[in-house]
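Numbering follows the numbering used here, in which position 54 of the sequence shown is assigned residue number 74; successive positions increment by one, without gaps.
Shown next, in structure tokens, is the structure this report addresses.
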Amino acid sequence: RCAGRVEVQHGGHWGTVCDDDWGLPDAAVVCRQLGCGAALAAPAGAWFGEGLGPIWLNGLRCRGTEERLALCRHRGWRPHVCTHEEDASAVCSGGLRQVPPTHGSQGPAVVLTPASLPGGPTMRLVGATGRCAGRLEIFHAGHWGTVCDDLWGLPDAAVVCRQLGCG
21 RCAGRVEVQH GGHWGTVCDD DWGLPDAAVV CRQLGCGAAL AAPAGAWFGE
71 GLGPIWLNGL RCRGTEERLA LCRHRGWRPH VCTHEEDASA VCSGGLRQVP
121 PTHGSQGPAV VLTPASLPGG PTMRLVGATG RCAGRLEIFH AGHWGTVCDD
171 LWGLPDAAVV CRQLGCG
């Protein structure tokens with residue numbers, strides 16, 4: 021399923037979207053732009069983890085019918101006074117498919133960061149190159165925490181890799 025933190029490319033740099041005024045119509049536009057079906061949820065509060073870099077958009081006011089996020093009303097393309105604790109997310113009904121680049125860009129203007137499978141705890145790997153290596157962290161009760169390695173083994177790592185779509 022398509023789900024994750026919303027990230028946008030502007031001026032050749034990737035950044036996030038602030039969750040101020042973020043709602044289902046905004047998530048619907050992201051899901052449509054990515055070819056991911058209908059929007060099921062528009063989680064706020066960095067539900068899929070905090071992003072890095074600038075927070076490019078804030079105060080989005082999509083009607084829900086726009087073809088691209090850039091066509092929605094917003095407070096301007098610039099770094100905003102917002103923290104990554106407020107990164108917006110989207111959960112869509114479909115699976116991710118490749119979307120052709122838009123208007124001369126070198127890639128899609130919007131992406132959803134990888135997320136855990138529905139119903140499972142949100143997890144991420146941090147501290148290494150790439151999204152499929154690093155220290156395991158779990159998001160629980162609004163906070164990221166580490167996992168103790170007592171009795172940890174390859175079968176446990178295999179479950180994490182499978183759940184994160186890393187093989």
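Cβ atoms here follow ideal geometry from the backbone N, Cα and C, with glycine treated the same way.
What you are looking at is a predicted structure, and each value in this text was computed from that prediction instead of being measured.
* To do: May I ask you to report which of helix, strand or coil DSSP gives residue 1?
  => This structure leaves residue 1 out entirely; the chain is present only between 21 and 187.
* From 36, 114, 95 and 29, residue whose alpha carbon lies closest to that of residue 48 -> 114
* For residue 57 versus residue 92, is the C-beta spacing smaller than 8 Å? -> no
* Exposed unless 16 or more other CB atoms sit within 10 angstroms - verdict on residue 94 -> buried
* Asked: Based on Cα-Cα distance, which residue from 26, 75, 105 and 33 lies nearest to residue 65?
  -> 105
* Asked: In the DSSP assignment, what residue or residues form a beta bridge with residue 36?
  -> 27 and 75
* Can you grab the Cα-Cα spacing for the pair residue 38 / residue 84, in whole Å? => 17 Å
* To do: Would you verify that the beta carbon of residue 78 is, or is not, closer than 8 Å to some beta carbon of chain B?
  => Here there is only one protein chain, and chain B is not present.
* Note down, in chain order, each residue of its chain lying with its Cβ closer than 6 Å to the Cβ of residue 61, except the 5 sequence neighbours on either side. => 111
* Per-residue burial, residue 23 [other beta carbons within 10 Å of its own, 16 or more giving buried] -> buried
* According to DSSP, what are the bridge partners of residue 166? -> 157
* List the endpoints of the continuous alpha helix (DSSP H) containing residue 51. => 44 to 54
* Best match in 71, 69, 55 and 108 for proximity to residue 79 [C-alpha to C-alpha] -> 108
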